[in-house]
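Enquirer: Sending over a structure as structure tokens; questions will come in a sec.
2 protein chains.
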Amino acid sequence: MVKQARRREIIRAGTTVEQMVRAISDMIVTGALLPGAKLDEVSLAVRFDVSRTPVREALRELGAMGLVVREPNRSAVVTNVTEAYLHSMFEAMAELEAICAKLSAERMTVDERRALELMHRGSMRLVHAGAQEEYSAYNTEFHTRLYRGAHNDHVFEMVTWTRARLAPFRRAQFRLPGRLAKSYEEHGRIVTAIMRADAAAAGQAAYSHVEIVSDASAVFATAGKRRARDA
Amino acid sequence: MVKQARRREIIRAGTTVEQMVRAISDMIVTGALLPGAKLDEVSLAVRFDVSRTPVREALRELGAMGLVVREPNRSAVVTNVTEAYLHSMFEAMAELEAICAKLSAERMTVDERRALELMHRGSMRLVHAGAQEEYSAYNTEFHTRLYRGAHNDHVFEMVTWTRARLAPFRRAQFRLPGRLAKSYEEHGRIVTAIMRADAAAAGQAAYSHVEIVSDASAVFATAGKRRARDA
DNA sequence: CTTCACCGTTTTGCATACAGATGCCGCTCG
DNA sequence: CGAGCGGCATCTGTATGCAAAACGGTGAAG
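As they're listed, the protein sequences go chains A and E. Heads up: the first sequence is residues 1 to 231, going by full-length UniProt numbering. Heads up: the second sequence is residues 1 to 231, going by full-length UniProt numbering.
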């Protein structure tokens with residue numbers, strides 16, 4: 001503890017709360033921290049080389065975002081959800097994607113449309129190569145472009161938030177054989193509708209593109225007995 | 001400060017963080033705290049009879065909810081938004097209401113449908129009486145029933161969150177003459193569609209029921225010079 | 001008259017200390 | 001042998017103190 005104080009005088013060490021929030025939420029989203037994992041304040045404080053005070057603030061913020069669950073006098077826990085809630089998130093995601101696609105079809109600038117189409121075409125090779133990692137990156141950018149193209153900041157926030165909460169539960173997305181090609185084809189349908197400014201078609205294509213999976217047994221298995229409580 | 005410690009031994013005084021979050025967010029939502037108002041930690045600490053630590057946590061949580069804006073080394077400020085962002089929230093609200101109405105038309109139980117219709121009919125008298133306060137309460141319950149009737153918890157969270165953020169900007173809702181009757185009639189259209197399980201009609205009726213108003217000049221006026229900065 | 005710089009005051013950010021709550025483990029008693 | 005209980009270890013919740021950053025006002029220079 002004294003060491004810490006001394007160190008702060010020399011290097012500007014210690015992380016800010018914002019950085020911690022980012023770091024922890026990244027760990028949750030990427031699956032480094034699985035649903036059900038306990039986040040005790042002291043360990044985190046040591047890990048980030050700060051005192052418990054900023055850690056607590058970060059955890060509270062994560063709690064407000066829904067990434068962790070906090071009960072009084074108990075450690076924060078990476079949020080685990082019931083299958084019903086998971087299903088509701090996927091369904092909501094489909095609706096949000098549909099809204100974004102619809103609005104994108106109506107509002108994207110010429111440049112945005114062109115860029116979307118270009119990127120989409122350019123990544124066809126990833127499908128043939130079966131490059132899962134790279135395709136996943138392309139996929140993220142594709143969807144982000146849709147979200148931005150809607151030109152509605154609040155919708156953007158909602159969809160980003162939902163996507164983050166959903167991320168821990170769909171990590172193995174492109175592992176299944178043929179999923180890449182199917183995804184790419186569905187993207188193509190969305191792109192076509194947007195280029196035609198066909199809002200209804202874009203919305204439908206985007207809605208059906210979201211795989212509404214409520215089976216998270218793999219994740220639930222690792223989370224163990226927490227499962228029942230988070231209802 | 002010593003006084004505080006002594007007092008805590010006698011009465012269980014001091015508010016919990018959760019209570020403070022509730023209290024402050026209520027003040028923001030009801031308009032007791034106008035957009036642009038500064039929330040300094042010490043004043044709040046005194047007001048709630050706690051130290052700055054829990055106040056800071058409450059403010060951080062409110063920040064994560066979007067009700068206050070926090071910049072480094074600066075007081076938290078009740079969120080003010082640009083007209084563009086305000087517009088995006090209203091538009092998002094319309095989309096969310098449409099989703100809820102659509103899903104309600106598909107999924108409400110018989111009891112839920114009956115209760116909705118009964119409440120709606122029962123409050124016709126409020127329109128004739130011009131009872132703005134009571135109508136406002138009915139209105140809130142009406143919409144909440146729609147949100148619940150969608151049977152989608154994540155959508156419920158999003159719509160509740162959006163409504164809370166929007167609340168400070170539409171307080172004078174039912175003041176305009178004829179607005180009550182118009183609102184009631186629009187509700188009627190939604191109810192009818194839901195009773196018929198006509199999802200598309202319910203969605204459209206709900207969408208057009210949301211008045212997309214992006215003129216918040218009244219609120220902005222009180223917020224003063226903060227207005228320009230919150231972009 | 002305006003603008004910029006400097007210094008004291010105020011306020012935030014964080015570390016630390018302490019009190020209360022929770023959970024665990026062994027002990028005792030039935 | 002099992003169930004209930006007490007005490008200890010651990011962890012959260014909050015108060016407090018200190019350092020650093022921002023704000024405000026005054027004065028001097030242009």
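The beta-carbon is built from N, C-alpha and C at its ideal position, and this holds for glycine as well. Here the structure is a predicted model, which is why all the values come from computation and not from measurement.
Taking 8 Å as the cut-off, does the region 57-68 of chain E touch the region 112-132 of chain A (at least 3 CB pairs, one atom from each stretch)?
Expert: Contact between the region 112-132 of chain A and the region 57-68 of chain E is absent, because fewer than three Cβ pairs lie under 8 Å.
Enquirer: Residues in the same chain with beta-carbon distance under 8 Å from ALA197 of chain E, minus the five sequence neighbours each way, listed in chain order, please.
Expert: Position 197 of the second sequence holds residue 197 of chain E. Cβ within range, chain order: ALA105, GLU106.
Enquirer: Looking at the secondary structure, which residues open and close the alpha helix (DSSP H) in which ALA76 of chain A lies?
Expert: To locate residue 76 of chain A, count along the first sequence from 1; it is residue 76. Segment 76-78 is the beta strand (DSSP E) holding ALA76 of chain A; no alpha helix (DSSP H) there.
Enquirer: Within its chain, find whatever has a CB closer than 6 Å to the CB of ALA37 of chain E; leave out the 5 residues flanking it on each side and keep chain order.
Expert: As a position in the second sequence, residue 37 of chain E is number 37, starting the count at 1. Excluding residues within five positions, the ones whose Cβ falls inside 6 Å are VAL78.
Enquirer: So is ASN139 of chain A in contact with chain E if we call contact Cβ pairs under 8 Å?
Expert: Here residue 139 of chain A refers to the residue found at position 139 of the first sequence. So no, ASN139 of chain A is outside the interface.
Enquirer: Is it the case that the Cβ atoms of ARG114 of chain A and ILE194 of chain A are separated by a distance below 8 Å?
Expert: Taking the first sequence and counting its residues from 1, the one referred to as residue 114 of chain A is at position 114. Taking the first sequence and counting its residues from 1, the one referred to as residue 194 of chain A is at position 194. The answer is no: Cβ separation not under 8 Å.
Enquirer: Measure the C-alpha to C-alpha separation of VAL68 of chain A and GLU186 of chain E and round it to an integer number of angstroms.
Expert: Locating residue 68 of chain A in the first sequence gives position 68, where the first residue counts as 1. Locating residue 186 of chain E in the second sequence gives position 186, where the first residue counts as 1. The straight-line gap from Cα to Cα measures roughly 39 Å.
Enquirer: If you measure between the beta carbons of PHE174 of chain A and LEU86 of chain A, is that distance less than 8 Å?
Expert: Numbered from 1 along the first sequence, position 174 holds the residue referred to as residue 174 of chain A. Numbered from 1 along the first sequence, position 86 holds the residue referred to as residue 86 of chain A. For PHE174 of chain A and LEU86 of chain A, no; Cβs fall outside 8 Å.
Enquirer: If you draw a straight line from the C-alpha of ARG52 of chain E to the C-alpha of GLU157 of chain A, how long is it?
Expert: Taking the first residue of the second sequence as position 1, residue 52 of chain E is located at position 52. Taking the first residue of the first sequence as position 1, residue 157 of chain A is located at position 157. Each residue's alpha carbon lies about 30 Å from the other.
Enquirer: Helix, strand or coil, according to DSSP, for VAL69 of chain A in the structure here?
Expert: Taking the first residue of the first sequence as 1, we reach residue 69 of chain A at position 69. The answer is strand: DSSP assigns VAL69 of chain A an E or B state.
Enquirer: Which full runs of the beta strand (DSSP E) of 3+ residues lie inside the region 34-117 of chain E, going along the chain?
Expert: Listed in chain order, they are 76-78.
Enquirer: Just to confirm before moving on: does the CB-CB distance between ASP153 of chain E and SER75 of chain A stay below 8 Å?
Expert: Within the second sequence, the letter at position 153 stands for residue 153 of chain E. Within the first sequence, the letter at position 75 stands for residue 75 of chain A. No, the Cβ-Cβ distance between ASP153 of chain E and SER75 of chain A is not below 8 Å.
Enquirer: For ASN139 of chain A, is the classification buried or exposed, using 16 other Cβ atoms within 10 angstroms of its Cβ as the cut-off for buried?
Expert: Within the first sequence, numbered from 1, the residue matching residue 139 of chain A stands at position 139. The residue in question, ASN139 of chain A, is buried, as its Cβ has 16 or more Cβ neighbours within 10 Å.
Enquirer: How big is the Cα-Cα spacing for ALA45 of chain A and ARG56 of chain A?
Expert: Stepping through the first sequence from its first residue, residue 45 of chain A is reached at position 45. Stepping through the first sequence from its first residue, residue 56 of chain A is reached at position 56. Roughly 9 Å separates the two Cα atoms.
Enquirer: Taking only beta carbons into account, state which residues of the region 83-98 of chain E come closer than 8 Å to chain A, listed in chain order.
Expert: So the list reads ALA84, TYR85, SER88, MET89, GLU91, ALA92, GLU95, given in the order they occur along the chain.
Enquirer: Pull up the CB-CB distance for ALA92 of chain A and TYR207 of chain A, whole angstroms please, since I reckon it's below 8 Å.
Expert: Here residue 92 of chain A is taken as the residue at index 92 of the first sequence, counted from 1. Here residue 207 of chain A is taken as the residue at index 207 of the first sequence, counted from 1. Contact doesn't hold; Cβ gap of about 11 Å is too wide.
Enquirer: Counting contacts by CB-CB distance shorter than 8 Å, is ILE200 of chain E in contact with chain A?
Expert: Position 200 of the second sequence, counting from 1, holds the residue named residue 200 of chain E. Per the sequence presented here, residue 200 of chain E reads as Ala, with Ile not at that position. No, ALA200 of chain E lies away from the interface with chain A (no Cβ there is under 8 Å from its Cβ).
Enquirer: Run through DSSP, which three-state label would LEU146 of chain E get?
Expert: Counting from 1 along the second sequence, the entry for residue 146 of chain E is found at position 146. Three-state result, LEU146 of chain E: helix.
Enquirer: ASP49 of chain E and THR15 of chain E: beta carbons closer than 8 Å?
Expert: The count along the second sequence starts at 1 and reaches residue 49 of chain E at position 49. The count along the second sequence starts at 1 and reaches residue 15 of chain E at position 15. Yes, the pair counts as a contact, with Cβ atoms nearer than the cut-off.
Enquirer: Can you tell me the Cβ-Cβ gap for PRO54 of chain E and MET20 of chain E, rounded? I've got them flagged as a contact below 8 Å.
Expert: As a working note, residue 54 of chain E is residue 54 in the second sequence. As a working note, residue 20 of chain E is residue 20 in the second sequence. Confirmed, about 7 Å.
Enquirer: Where VAL213 of chain E and LYS182 of chain A are concerned, what is the direct C-alpha to C-alpha distance, given to the nearest angstrom?
Expert: In the second sequence, counting from the first residue as 1, residue 213 of chain E sits at position 213. In the first sequence, counting from the first residue as 1, residue 182 of chain A sits at position 182. Using only the alpha carbons, I get a separation of about 41 Å.
Enquirer: Pop quiz: HIS209 of chain E and GLU134 of chain E are said to be a contact at Cβ under 8 Å. What is the actual Cβ separation, rounded to whole angstroms?
Expert: What you label residue 209 of chain E is simply residue 209 of the second sequence in a count that begins at 1. What you label residue 134 of chain E is simply residue 134 of the second sequence in a count that begins at 1. Rounded, the Cβ-Cβ distance is 19 Å, inconsistent with contact.
Enquirer: Rounding to the nearest angstrom, what Cα-Cα distance links ALA167 of chain E and THR144 of chain E in this structure?
Expert: Within the second sequence, residue 167 of chain E is the residue found at index 167, counting from 1. Within the second sequence, residue 144 of chain E is the residue found at index 144, counting from 1. So the two alpha carbons sit approximately 14 Å from each other.
Enquirer: Determine the burial state of LEU176 of chain E: buried for a count of at least 16 other Cβ atoms within 10 Å of its Cβ, exposed for fewer.
Expert: The residue given as residue 176 of chain E occupies position 176 in the second sequence. So LEU176 of chain E counts as exposed.
Enquirer: Rounded to whole angstroms, what is the Cα-Cα separation between ARG189 of chain E and ALA131 of chain E?
Expert: Your numbering for residue 189 of chain E matches position 189 in the second sequence. Your numbering for residue 131 of chain E matches position 131 in the second sequence. Those two C-alpha atoms are separated by around 21 Å.
Enquirer: Drop a sphere of 10 angstroms on the beta-carbon of LEU146 of chain A, count the other beta-carbons inside from all chains shown, and report buried for 16 or more, exposed for fewer.
Expert: Here residue 146 of chain A is taken as the residue at index 146 of the first sequence, counted from 1. Looking at its Cβ environment, which holds 16 or more other Cβ atoms inside 10 Å, LEU146 of chain A is buried.
Enquirer: Chain A partners of ALA101 of chain E, CB-CB under 7 Å?
Expert: If you number the second sequence from 1, residue 101 of chain E lands on position 101. Here the premise fails: no neighbours, minimum Cβ distance about 12 Å.
Enquirer: Within the continuous alpha helix (DSSP H) that includes ASP26 of chain E, where are the two ends?
Expert: What you label residue 26 of chain E is simply residue 26 of the second sequence in a count that begins at 1. Here the alpha helix (DSSP H) through ASP26 of chain E covers 17-30.
Enquirer: Taking only runs that begin and end inside the region 188-213 of chain A, name each unbroken alpha helix (DSSP H) of 4 or more residues, in chain order.
Expert: Within the region 188-213 of chain A, the complete alpha helix (DSSP H) runs of at least 4 residues are 199-209.
Enquirer: If we count the other Cβ atoms within 10 Å of its Cβ and call it buried at 16 or more, is SER25 of chain A buried or exposed?
Expert: Translated into positions along the first sequence, residue 25 of chain A becomes position 25. Burial call: buried.
Enquirer: Mind checking the region 106-118 of chain A against chain E and listing, in chain order, the residues whose C-beta falls within less than 8 Å of any C-beta there?
Expert: Result list empty, no residue passes.
Enquirer: Residues of the region 125-158 of chain E in Cβ contact with chain A at a cutoff of 7 Å, in chain order, please.
Expert: Answer in chain order: ASN152, ASP153, HIS154, VAL155, MET158.
Enquirer: Under 8 Å between beta-carbons, which chain E residues line up against ALA45 of chain A? List them in chain order, please.
Expert: To locate residue 45 of chain A, count along the first sequence from 1; it is residue 45. Those do not exist, as ALA45 of chain A stays about 15 Å from chain E at its closest Cβ, beyond 8 Å.
Enquirer: Going by C-alpha distance, which of E:ALA150, E:VAL17, E:ALA199 is nearest ARG70 of chain A?
Expert: As a working note, residue 70 of chain A is residue 70 in the first sequence. Of E:ALA150, E:VAL17, E:ALA199, the residue nearest in Cα terms is E:VAL17.
Enquirer: Along chain A, which residues have their Cβ under 8 Å away from the Cβ of GLU61 of chain E?
Expert: The residue labelled residue 61 of chain E in the question sits at position 61 within the second sequence. The contacting residues are ARG60, GLU61, GLY63, ALA64.
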